[in-house]
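Novice:
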Amino acid sequence: MPLPASRRESLISGCPLFHALEPVAITALAAAAVEVEYPAGRTIAREGEIGTGLFIVEEGTVHVVRGGTTVAHLVPGDFFGELSVLDGGPRIAAVVADTPTRCLAVATWDLERVLHDEPGAALAVLRVVAARLREASSDHRS
1381 MPLPASRRES
1391 LISGCPLFHA
1401 LEPVAITALA
1411 AAAVEVEYPA
1421 GRTIAREGEI
1431 GTGLFIVEEG
1441 TVHVVRGGTT
1451 VAHLVPGDFF
1461 GELSVLDGGP
1471 RIAAVVADTP
1481 TRCLAVATWD
1491 LERVLHDEPG
1501 AALAVLRVVA
1511 ARLREASSDH
1521 RS
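In the working numbering, the protein residues as written are 1381 to 1522.
(1) Asp1467: buried (16+ other C-beta within 10 angstroms of its C-beta) or exposed?
(2) Since Ala1410 and Ile1392 should fall inside the 8 Å C-beta cutoff, what is the C-beta to C-beta distance between them, to a whole number of angstroms?
(3) Suppose the cutoff is 6 Å on Cβ atoms and the five residues either side in sequence are ignored; what does the same chain contact list for Arg1422 look like?
(4) Under 8 Å between the Cβ atoms of Gly1431 and Ala1485?
(5) Can you list the alpha helix (DSSP H) stretches of 4 or more residues lying completely in the stretch 1433 to 1470, in chain order?
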């Protein structure tokens, strides 16, 4: 059964990547988002492939693998795939479902449309991505 729009909006607004978005941007993303289900063990995103969307974990858990090493575990509310969507480059890690998992997926073109139409949304997303990159960096002096 598909999620009602109000639940999609709640998931998107609760996601750290989108928590600072205006309601109009959240509504637009929620309208564009689709639910995707994955069985345990399924690879959701492959390292090195070009991504066409980002994901918010709705149910289940996943792990992130970079260079054969698990680097993170994600739970409902967490997101992945944003870098490839923003820069058009290959994914820097693989993401694999640990349990049966359901995600909200937002296609690159839908996110780009919202960011174009809502400049404040673009700034909010960039700030979250920059904070994540800074945290992941071994050199916090820059």
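For each residue, glycine too, the CB sits at the ideal point set by N, CA and C. Computed from a prediction, not measured in an experiment: that's the story for all the values here.
Specialist: This is what the structure holds:
(1) Taking the sequence shown and counting its residues from 1, one reaches residue 1467 at position 87. Classification for Asp1467: exposed.
(2) Taking the first residue of the sequence shown as 1, we reach residue 1410 at position 30. Taking the first residue of the sequence shown as 1, we reach residue 1392 at position 12. Going by Cβ atoms, the distance from Ala1410 to Ile1392 rounds to 5 Å, so yes, they are a contact pair.
(3) Taking the sequence shown and counting its residues from 1, the one referred to as residue 1422 is at position 42. Ala1477.
(4) Locating residue 1431 in the sequence shown gives position 51, counting from the first residue. Locating residue 1485 in the sequence shown gives position 105, counting from the first residue. A distance of 8 Å or more separates the beta carbons of Gly1431 and Ala1485.
(5) 1462 to 1467
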